[in-house]
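J.: First, the structure itself, so that you have it in front of you.
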Amino acid sequence: MSTNLITLNRWLLSDTHKNIEYKLELANLFSGIALACKVTNNAIKRAGFEQNFGLAGITNVHSEDVKKLDIVANDAWKNSLKATREVHCMVSEEEDSIIPVSENQNGRFVISFDPLDGSSNLDCNVSVGSIFGIWDKVSKDHQALNEDVLRKGRDMIACGYALYGSATMLVISLGYGVYGFTLDNTIGEFILTHVEMKIKSKGNIYSINEGNSVYWDKATSEYVNTIKSKENGNTPYSSRYIGSMVSDVHRTLLYGGIFMYPADSKSPNGKLRYLYEVAPLSFLMEQAGGKSSNGKSACLDIMPTSIHQRVPVFMGSHHDVTTLEKTHEKHS
Ligand code: AHM
Ligand code: MG
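Converting from the sequence shown to my numbering requires adding 1329 to each position, the first position being numbered 1.
Shown next as structure tokens:
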């Protein structure tokens, strides 16, 4: 048994990050993120015992039915983050507007989060996740402004996701590489298990809700048909779609290939939201050597104009996303 484990906190405080001027504040913020993930993980795993599966009986800002666990997770994230006193303001998928913090808790970080992504999968025990992005605040005083939260993904200082799967993982980037930590339940710590995660330059798995194919545009239809075909001696790609973005993107990161949620005639801007779904996962994908595009250009360069803005997204292995972009260009 190892007695010299690299915990998340130990890794954050290590010399690897000596050039980050706000290292202590960031480590403190991450202690809140880790706590939020552990509380969320625990709530999911105990839901069957505590009658916490099912709907809460309300709808959220996106007119989606809110699950009981969505509320638990959102509260866990807000409370854990606020308590670090490192937060300037927050944006949550579950809340209409910017979430301010009280003046005496005011910190430097702006954080966006989806406390429980893929929650339609909860009641059947399929893996779900949480996603977050972190920026430095813009405003000089306590007031939280739109300018603080309407930011390009490219300007994030850190981001990550938690995957509540067969093992619970926290996968993060501080802007130099992607690192994965696995929750050791016996000691309650996230332990470094995946160093400098890299995605294959070309994969053989595609991931998309094919039930929407009747709504797709020509470019998406042509691309998917091509990767499924045997033309030119190609081996057809395998299809894998869980319907939890974190799980689908985690598999894409580890096995290669492409994850897609395109714009279509039913969802003209796609389904996934920029600040707390697309931007953080795009940042991780680029940091792992992959690519993330809206079909034309890098998702990380999009400047959102509203906090719940949706964007189309295609992310994964560099070759696969580049081929997709070329198909879009042909049809533009
Ligand atoms: P949610 O945040 O309300 O759970 O919605 C986001 C989820 C993603 O995890 C997943 O990629 C997508 O919705 C699946 O959507 P669909 O059921 O349309 O395929
Ligand atoms: Mg979500």
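Note that the Cβ used here is the ideal one computed from N, Cα and C, for glycine as well.
1) Going by CA-CA distance only, name the one from D1452, T1549 and I1427 that's closest to N1381.
2) On a Cα-Cα basis, can you pick out the residue from K1527, A1627 and I1636 that is closest to T1651?
3) Between which residues of its own chain and A1548 is the CB-CB distance below 6 Å, once the five residues before and five after are set aside?
4) Suppose contacts are defined by Cβ-Cβ distances below 9 Å. Is T1336 in contact with F1510 by that definition?
5) Within 8 Å: the Cβ of V1543 and any heavy atom of the ligand SAH?
6) Just tell me which of A1487, K1529, V1368 and H1471 has its CA closest to the CA of N1435.
7) Measure how close the beta-carbons of L1613 and V1507 come, nearest whole angstrom, since I'm counting them as under 8 Å.
8) Alpha carbon to alpha carbon, how far is V1439 from M1419?
9) Comparing C-alpha positions only, which one of E1525, L1384, K1559 and N1475 sits nearest to M1632?
10) Alpha carbon to alpha carbon, how far is T1522 from K1347?
11) Straight-line CA distance for S1421 to M1330?
12) Are the CB atoms of T1369 and S1459 within a distance shorter than 9 Å?
13) My output table needs one value for S1409: the three-state DSSP class, helix, strand or coil.
14) Using the three-state DSSP reduction, which class does T1581 fall into: helix, strand or coil?
15) In chain order, what residues of the same chain lie with their CB nearer than 7 Å to the CB of N1338, ignoring the 5 residues before and after it?
16) If you measure from the CB of N1338, is any heavy atom of the ligand AHM nearer than 8 Å?
17) How about the stretch 1482 to 1490 and the stretch 1397 to 1416: do they share at least three Cβ pairs that are nearer than 8 Å?
18) On the CB-based measure, 16 or more other CB atoms within 10 Å of its CB, does S1426 come out buried or exposed?
19) Hey, could you find the ends of the beta strand (DSSP E) W1464 is sitting in?
20) Using only alpha-carbon positions, find the residue among S1622, K1625, H1647 and A1617 that is nearest to L1503.
21) Let me make sure I understand the geometry here. Which of K1396, F1378 and L1358 has the alpha-carbon closest to that of A1412?
22) What does the Cβ neighbour count give for I1516, buried or exposed, with the cut at 16 atoms within 10 Å?
23) So, for L1384: in the same chain, excluding its five sequence neighbours on each side, which residues have a beta-carbon less than 8 Å away from its beta-carbon?
24) Which residues bound the beta strand (DSSP E) around G1386?
25) Output needed for W1340: all residues of its chain with C-beta closer than 6 Å, excluding positions within five of it in sequence on either side, in chain order.
26) How would you write the range of the alpha helix (DSSP H) that C1366 sits in, first residue to last?
27) Less than 8 Å between the CB of L1492 and some heavy atom of the ligand MG, yes or no?
28) Could you please give me the residues that DSSP links to H1471 through a beta bridge?
29) So does S1573 have its beta carbon nearer than 8 Å to some heavy atom of the ligand AHM?
T.: Straight from the coordinates:
1) D1452
2) A1627
3) T1656, H1657 and H1660
4) yes
5) No copy of the ligand SAH occurs in the structure displayed; its ligands are the ligand AHM and the ligand MG alone.
6) H1471
7) 5 Å
8) 6 Å
9) N1475
10) 21 Å
11) 39 Å
12) yes
13) helix
14) helix
15) A1356 and S1360
16) no
17) no
18) So S1426 ends up on the exposed side.
19) V1457 to D1465
20) The residue with the shortest Cα to Cα distance from L1503 is A1617.
21) Comparing C-alpha distances from A1412 to each of K1396, F1378 and L1358 shows the shortest one belongs to L1358.
22) The residue in question, I1516, is exposed, as its Cβ has fewer than 16 Cβ neighbours within 10 Å.
23) D1394, V1395, K1396 and K1397
24) L1384 to T1388
25) Apart from the 5 residues on each side of it in sequence, W1340 sits with its Cβ closer than 6 Å to the Cβ of L1521 in its chain, given in chain order.
26) K1352 to R1375
27) no
28) H1471 is not bridged to any residue.
29) yes
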